[in-house]
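Encoded as structure tokens, the structure appears first; notes follow it.
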Amino acid sequence: WANHAEADTYFLFHTIMMDIRDVFVPDMDAHSTGIQGRIHNMQRLLELHDPEVFDHLQACGIDTHFYAYRWLTTLLSREFLLPDTIRLWDSMFSSTHKENFLRYVCVTMVMHVRE
């Protein structure tokens with residue numbers, strides 16, 4: 417496998433970037449696959465599953481962009497140690513609904529820190 421590591425790495429990086437390219441294209445910001453659309457979808461999901469936390473964050477003036485932008489643009493790679501990130505990515509990339517998987521993990525993280 418070492419003989420093809422560079423090609424495999426490029427292929428995986430290209431595939432990931434194609435899946436999340438709209439996050440980095442300013443013209444797509446307002447589209448559901450753009451960064452603003454993804455953050456909005458995340459807000460709606462939090463509001464649906466934990467309205468108390470959603471209302472509390474709104475009352476405190478904590479904008480979802482404060483944490484969601486970093487999470488969505490780095491696919492949570494800055495939030496976890498490498499072994500945990502690899503496990504998370506393995507689950508996400510094998511999921512048939514990658515964007516929903518990431519959105520649910522992010523919302524679960526917010527709900528988890530409510531205590």
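Residue numbers (this note's numbering): 417 to 531.
Beta carbons: idealized from backbone N, C-alpha and C, even for Gly.
Here the structure is a predicted model, which means the values were calculated and not measured.
**Asked** Do L488 and F496 have their C-beta atoms closer together than 8 Å?
**Response** no
**Prompt:** How would you label L464, buried or exposed, when you count the other beta carbons within 10 angstroms and need 16 or more for buried?
**Reply:** exposed
**Item:** Cβ contact check for the stretch 466-474 and the stretch 508-518: 3 or more pairs under 8 Å
**Value:** no
**Message:** Can you confirm whether the stretch 450-465 touches the stretch 434-442 when touching is taken to mean that 3 or more C-beta pairs between the two stretches lie within less than 8 Å?
**Reply:** yes
**Item:** DSSP state of L473 mapped onto helix, strand, coil
**Value:** helix
**Request:** Under 8 Å by Cβ, that's how I've got L492 and T480 pegged, so tell me the actual separation to the nearest angstrom.
**Result:** Incorrect: roughly 15 Å between the Cβ atoms, too far for contact.
**Prompt:** At what residue ranges does the stretch 476-518 contain a whole run of the alpha helix (DSSP H), taking only runs of 4 or more?
**Reply:** 481-490, 498-510
**Prompt:** Are the C-beta of M444 and some C-beta of chain B separated by less than 8 Å?
**Reply:** The chain labelled as chain B is not found in the depicted structure, where only one protein chain is given.
**Request:** Indicate the three-state DSSP secondary structure (helix, strand or coil) for V529 in the structure shown.
**Result:** When DSSP states are grouped into helix, strand and coil, V529 belongs to the coil group.
**Asked** What does a CB cutoff of less than 8 Å around I455 pick up in its chain, not counting 5 residues either side in sequence?
**Response** T480, H481, A484, Y485, L488
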